[in-house]
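So the structure is just underneath, and the comments pick up after that.
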Amino acid sequence: MTRCRYELIDREWSILSPLLPNKQRGVPRVDDRRVLNGILWRFRTGSPWAQIPERYGPPTTCYNRFVRWRKARVWDRLLEAVSAAYDGDMGRSRGGLTSKIHALVDAEGRPVSLRLTGGQVADCTEADALTDSQGERYILLADKGYDSNAIRAKAAARNA
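Residues 1 to 160 (UniProt numbering) make up the sequence shown, in order.
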């Protein structure tokens with residue numbers, strides 16, 4: 001199964017998986033990662049529960065697990081863990097402790113990839129991480145902070 005842009009990456013899953021309830025009784029469960037990706041897909045697309053793609057498991061499983069996790073306050077723990085995981089990305093700049101959001105968006109302005117770094121991190125150092133998921137032949141527009149020979153060479157090699 002290839003990863004879609006809506007799905008959790010391994011680092012995110014390693015942070016979240018220990019916080020999920022793990023009751024191994026009865027009928028074998030649909031994998032929590034698949035179900036969590038299905039729940040996230042549903043909220044990111046705004047689609048009805050019934051339209052969750054098969055690769056995430058049955059829509060009723062996604063819905064029921066969402067409701068159970070809400071009642072057990074699992075979502076609170078997940079959000080706290082995600083927030084804590086990125087707390088270290090605060091950095092020093094002339095104005096004090098700051099952070100930067102580096103965003104790669106599609107032609108409609110919808111986020112494709114986001115990176116959070118400390119405020120002192122140079123923009124051009126994050127370009128590789130943002131564009132790695134892009135194939136060939138895409139249009140790359142960036143501000144002056146992302147202007148470097150290395151980025152231009154990589155874009156030329158990809159016919160961007």
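From the three backbone atoms N, C-alpha and C, an ideal C-beta is built for every residue, glycine too.
Which residues mark the beginning and the end of the alpha helix (DSSP H) in which L40 is found? Its alpha helix (DSSP H) spans residues 32-45.
Just list the beta strand (DSSP E) runs in the UniProt domain "Transposase IS4-like" (90-157), keeping only unbroken ones of 3 residues or longer that don't cross its boundaries, in chain order. Those beta strand (DSSP E) runs which fall completely within the UniProt domain "Transposase IS4-like" (90-157) and span 3+ residues are 91-93, 96-105, 111-118.
Measure the C-alpha to C-alpha separation of A150 and R158 and round it to an integer number of angstroms. Going by the C-alpha atoms only, they are around 13 angstroms apart.
In whole angstroms, what is the alpha-carbon distance linking D128 and V121? Taking the CA atoms as reference points, D128 sits about 14 angstroms from V121.
Let's test the definition: count the other Cβ atoms within 10 Å of the Cβ of G109 and tell me whether it reaches 16, buried, or not, exposed. That one is exposed.
Between Y63 and the rest of its own chain, which residues show a CB-CB distance below 6 angstroms, the 5 nearest in sequence each way excluded? These residues qualify, in order along the chain: W49.
Hey, could you find the ends of the alpha helix (DSSP H) R70 is sitting in? Segment 59-71, the alpha helix (DSSP H) holding R70.
When the Cβ atoms of the stretch 60-75 are set against those of the stretch 18-27, are three or more pairs found closer than 8 angstroms? Enough Cβ pairs lie closer than 8 angstroms, so yes.
DSSP three-state call for L20: helix, strand or coil? L20 falls in the coil class under three-state DSSP.
Rank R44, R73, K100 by C-alpha distance to the C-alpha of P111 and give the top, closest one. Answer by Cα proximity: R44.
Looking at L130: is its Cβ nearer than 8 angstroms to the Cβ of S148? No. Outside cutoff.
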